[in-house]
Structure formats: C-alpha cells, structure tokens
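Protein chains in written order, with the numbering used here: chain A, 179 to 400; chain B, 179 to 400.
The beta carbon of each residue, even a glycine, is placed where N, CA and C say it ideally should be.
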DNA sequence: CAATTGATGTAAGAGCCATTCACATGAGTT
DNA sequence: AACTCATGTGAATGGCTCTTACATCAATTG
C-alpha cells in the first residue's frame with residue numbers, strides 16, 4: 179500500500195516533476211466544473227497533491243494561470259476553426275457553415291477554455307502572447323471572410339473582408355454566449371443554436387448579394 | 179443635502195436607515211470600477227459605513243446582491259431600449275437603428291449592470307424575477323422584430339419574428355461583448371462598434387429582402 | 001406612558017483563499 | 001563528494017464570506 183501520497187497518482191518524491199502541466203489540467207477541470215470564478219489556486223494545488231505555495235514557482239499569480247489557459251484555448255480554438263474550414267473544401271459555403279458550427283461546438287465542449295478566453299476579464303493589453311494567440315484565431319475567420327468577399331457579386335462594391343469577418347465573429351460569439359453555454363438550458367430557444375447561426379449567416383450572405391439556394395427565412399418549403 | 183448619514187463618516191445612529199439602497203449603489207460603483215469579480219461584499223459594507231455582517235440582513239448572500247443588480251439592470255435596459263425604439267417613430271428603420279445604438283451605449287455606459295446581467299454567470303433558472311426581467315428586455319427587441327417581419331417583402335415567405343429578434347440580439351450582444359467594453363481598447367477596430375453594428379444590421383435586413391437605400395457593403399458612397 | 005418586540009446592526013469567530021518568506025530537498029553538475 | 005539552483009514546504013498575514021449570539025432602537029400596544 180502506498181502510504182506515501184494518496185491524492186493524485188502514484189508516489190512522488192519531494193518534487194512533482196510536471197507540476198505546471200498538472201496545475202493547468204487541474205484548473206481546466208475545476209473551471210469546467212464550477213465556472214471560471216469558482217476556481218481557486220489552492221484547490222488546483224490540492225488536486226495536484228502539492229502545497230498551496232507550490233504553484234507560485236510556476237505562475238506569478240492566479241491571473242497568470244488563467245492567462246495561460248486562455249492562451250492555450252485560443253491556440254486550440256484556432257486549430258478547431260482551421261480544421262473546420264479546411265481550406266474551404268469542398269466549397270466555400272459548406273466549409274464556412276462548418277466553421278460556424280465548430281465555433282459553437284467549441285463554446286459548448288470547452289467551457290473552461292471559453293470562459294478563460296472571453297469571460298475572465300483579463301486585460302488583453304499587457305499580455306502580448308495572449309493577444310497574439312487571440313489574433314491568430316481571428317485570422318482564421320478573417321481568411322474565410324477574405325474568400326467570401328472575393329466571391330461576392332460586385333453589384334454594389336465588394337464588402338471589406340475585415341468587416342465581414344467581424345460580423346460573422348460577432349454573431350457567432352453572441353449566439354455562443356447567450357445560448358450555447360451551460361449544460362442544460364440558459365435560455366429556451368425554438369431552434370438549436372447551430373440552426374440559429376446557420377440561418378443568420380445565410381441571411382447575412384444573401385444581404386451581401388449571394389444567391390442562397392434555399393430561402394433562409396424559415397419557410398418550410400424547399 | 180445630507181441631513182443624515184453620509185456614505186463614509188458623519189454620524190448615523192445605530193441603524194442606517196437605507197442600507198439596502200446604499201449597498202446596491204456601492205456595489206454598482208465598485209463593479210464599475212473594478213469589474214464584476216473585483217467587487218466584494220465586505221467592501222460594499224465598508225462604503226456604506228456598516229459592519230461586514232450588516233448586508234446579510236438585506237441579502238441572503240453575495241450572489242443575491244448581484245442578482246438584484248442584474249434584475250435592475252434588465253429593467254433599466256428595457257427602458258433604454260424601449261425609449262430608443264419609441265414605438266417605431268418616425269419610421270421603423272431609423273428607430274431600429276437607434277435601438278441598436280442604444281444597446282451598445284448601454285453596454286458602454288453601464289458596465290456594472292452589463293456585467294451583472296451577462297457576465298456574472300448567475301443561474302437564470304431558480305430566479306424567476308431575474309428571468310422575467312431579462313425576458314421583458316428581450317420582448318422589446320422582439321416587438322421591433324415583429325414590425326420588421328411584418329414589413330418584409332413576402333418574396334420567399336415572411337421570416338419568423340422571433341428568429342429575427344434572436345439574430346439581432348446576438349449580433350448586438352456579440353459586438354458589445356467583444357468590442358464595446360472597457361474604457362480604453364479591448365480590441366482594435368477599423369470602425370466604431372456602432373458603425374459595425376449598423377452595417378451588419380443593414381446587410382442582414384437586405385438579406386431579408388428589404389431594399390436598403392445605400393449599399394451596405396462599405397463602399398464610400400456619398 | 002411604559003413595556004414589548006421585531007427589524008436592523010455589531011462583535012467575534014470559523015473556515016477558506018491568495019500571497020509571501022524563510023527554509024528544505026534533491027537532481028544535475030563539477 | 002560538494003555545490004547549486006529549481007522546485008516544494010510550513011507558517012504566517014491579511015482579506016473575504018458567512019454564522020451566531022447579542023445590542024439597539026422605532027413602532028406597537030396595553
């Protein structure tokens with residue numbers, strides 16, 4: 179019987195060996211479980227089986243840990259979005275829609291990351307790494323908007339890709355924040371967040387001059 | 179004009195006389211100043227000049243105080259949106275745009291309310307009063323969507339008003355959350371949040387079949 | 001006009017947390 | 001084998017939430 183350390187894994191000497199990673203993982207679990215505010219430095223240390231002072235060897239303070247999580251979250255977000263976009267295969271529109279769904283899926287499946295990224299109230303400035311990670315994720319959205327803008331019928335001038343990207347991001351983020359969080363039900367909806375986003379984007383694209391195959395207005399016809 | 183208690187000093191009998199209001203106001207100030215997480219029950223009590231235990235005579239716990247603030251926030255939000263909408267005067271579209279601006283203005287000018295309403299992570303269920311207040315505010319947006327939907331050209335079937343309301347709300351909320359918070363600069367934008375929202379809504383309305391006077395696509399026309 | 005009482009405040013304290021500092025440990029280096 | 005530095009510990013400080021027992025006072029009531 180190991181009388182030497184019970185909490186986490188097997189026995190461990192005076193040094194943990196991988197504490198930084200263990201703390202990040204513990205924090206992710208705790209945030210996912212009890213919200214971004216419910217997470218405590220001390221409890222993360224406890225899960226990792228170290229004293230409350232140990233984390234300070236790896237993070238200046240609690241905020242720096244959360245920043246690290248947010249940064250990782252943005253990197254993973256970038257990967258997820260880029261994978262969904264998949265260079266616009268098989269075609270720009272279906273890839274675009276896939277990316278929208280990926281946005282909502284990420285918000286739902288990674289509440290800890292999402293909270294750290296968007297709801298922790300961290301100052302973006304003064305943290306270049308975090309800002310850069312955030313911008314890399316947005317760059318994916320922007321690249322897709324670039325493709326869309328290039329395809330837009332030149333009827334009344336091409337829309338600026340950046341603006342399109344910001345609109346899409348805003349609507350996705352709004353839907354994710356308002357309707358796609360919290361396991362059960364935050365607010366009741368007559369349709370899934372995914373369908374809501376798809377319909378909204380379809381209408382928006384029509385407004386940009388794209389012909390959409392199906393009426394986006396919700397008529398049951400097809 | 180204080181004939182009696184002042185926020186900090188001044189004589190005050192054993193009883194405060196208006197502690198509940200004083201606490202709400204103090205909390206509002208503190209949240210505005212230091213974010214929703216930076217607010218503490220103890221400090222609010224201190225500002226009001228009472229002991230740390232006094233607030234518990236008026237609020238079950240910290241969360242209940244924040245809930246109260248969120249509820250008041252929704253009521254005020256409803257007023258602001260309704261005033262901006264002004265029954266659709268002088269015409270539906272300009273009133274609609276005015277309401278969008280009011281949304282962003284509220285997010286910017288009332289960060290404490292906005293935080294409590296949308297970023298505090300309070301459970302909506304289990305708090306009927308809060309939920310009701312939230313729904314009353316949304317009802318304003320929904321009513322405007324109702325008018326819009328009724329005006330939509332019947333080309334491909336009328337869009338469901340509820341869906342339109344949700345889209346508008348989501349885009350407004352997304353822009354407010356991402357770009358219209360924090361005094362200085364959260365993320366840099368090539369245009370103001372207001373203009374971004376206006377352009378987005380214009381494009382969206384075009385997608386619903388409305389003819390928009392000006393090209394919404396960002397051409398520098400006029 | 002007391003006496004009572006219920007609402008509102010206070011004092012003290014338990015238990016939690018973040019953070020710091022002096023000190024301990026031990027892995028890698030010399 | 002001695003050294004050293006990153007990493008972890010213990011103990012302490014100060015703050016926070018919330019509870020419990022008690023204090024004060026305004027209003028009611030006999």
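In this structure residue 197/B touches residue 226/B by the C-beta definition: roughly 6 Å separates them, less than 8 Å. Taking a C-beta distance under 9 Å as the contact criterion, residue 249/A and residue 210/A do not qualify as a contact pair.
At a cut-off of 9 Å between beta-carbon atoms, residue 384/A makes contact with chain B. Comparing C-alpha distances from residue 370/A to each of 388/B, 354/B, 341/B, 380/B shows the shortest one belongs to 341/B.
Taking C-beta atoms as the reference points, residue 208/B and residue 231/B fail to come closer than 9 Å. DSSP, reduced to helix, strand and coil, places residue 192/B outside both helices and strands of the structure shown, so it counts as coil. Comparing C-alpha distances from residue 326/B to each of 316/B, 271/B, 299/B, 220/B shows the shortest one belongs to 271/B. Residues of chain B with a Cβ closer than 8 Å to the Cβ of residue 377/A are, in chain order, 341, 345. For the stretch 282 to 311 of chain B, the beta-carbon criterion of a distance under 9 Å to any beta-carbon of chain A is satisfied by 293, 296, 297, 298, 299, 301, 302, 303, 309. Under the criterion of beta carbons closer than 8 Å, residue 353/B and residue 386/A do not qualify as touching, at roughly 18 Å. Secondary structure note for residue 270/A: its alpha helix (DSSP H) is the uninterrupted segment 270 to 287. Pairing residue 257/B with residue 263/A, the inter-Cα distance amounts to about 41 Å. When the five nearest sequence neighbours on each side are left out, the beta carbons in the same chain lying within less than 8 Å of the beta carbon of residue 235/A are those of 197, in order along the chain. Of the other Cβ atoms in all chains shown, 16 or more fall within 10 Å of the Cβ of residue 297/A; this residue is therefore buried. In the structure shown, the three-state DSSP call for residue 267/A is coil. Closer than 9 Å to the CB of residue 353/A there is at least one CB belonging to chain B.
Annotation: the continuous alpha helix (DSSP H) that includes residue 341/A extends over 339 to 357. Judged by their CB atoms, residue 245/A and residue 357/B are not nearer to each other than the 9 Å cut-off.
Counting along the chain, the unbroken alpha helix (DSSP H) around residue 316/B starts and ends at 306 to 329.
Around the beta-carbon of residue 192/B, fewer than 16 other beta-carbon atoms lie within 10 Å, marking it exposed.
The three-state reading of DSSP puts residue 238/A in coil, since its state is none of H, G, I, E or B. Among the CB atoms of chain A, one or more fall inside 9 Å of the CB of residue 348/B. In its chain, beyond the 5 residues on either side, no residue has a beta carbon closer than 7 Å to the beta carbon of residue 299/B. For residue 379/B, the enclosing alpha helix (DSSP H) starts and ends at 371 to 385. Taking C-beta atoms under 8 Å as the contact rule, residue 346/A and residue 323/A qualify, at a distance of about 6 Å. In the same chain as residue 335/A, and ignoring 5 residues on each side of it, no C-beta atom comes closer than 7 Å to its own. A direct Cα-Cα distance of roughly 17 Å separates residue 233/A from residue 216/A. Sequence-distant Cβ neighbours of residue 278/B in its own chain, meaning closer than 7 Å and more than five residues away, are 350, 375, 376, 379.
Here residue 280/B is buried, its C-beta having at least 16 other C-beta atoms within 10 Å. Per the C-alpha coordinates, the member of 255/B, 338/B, 359/B positioned closest to residue 310/B is 255/B.
Among the residues facing chain B, residue 278/A is not included, as its CB has no counterpart in that chain under 9 Å away. If you look at residue 208/B, you'll find it in the alpha helix (DSSP H) that goes 197 to 212. Contact of residue 215/A with chain B by beta-carbon distance below 8 Å involves 215, 299. Cβ neighbours of residue 312/B within its own chain (closer than 6 Å, five residues either side excluded): 252. If you look at residue 225/A, you'll find it in the alpha helix (DSSP H) that goes 219 to 226.
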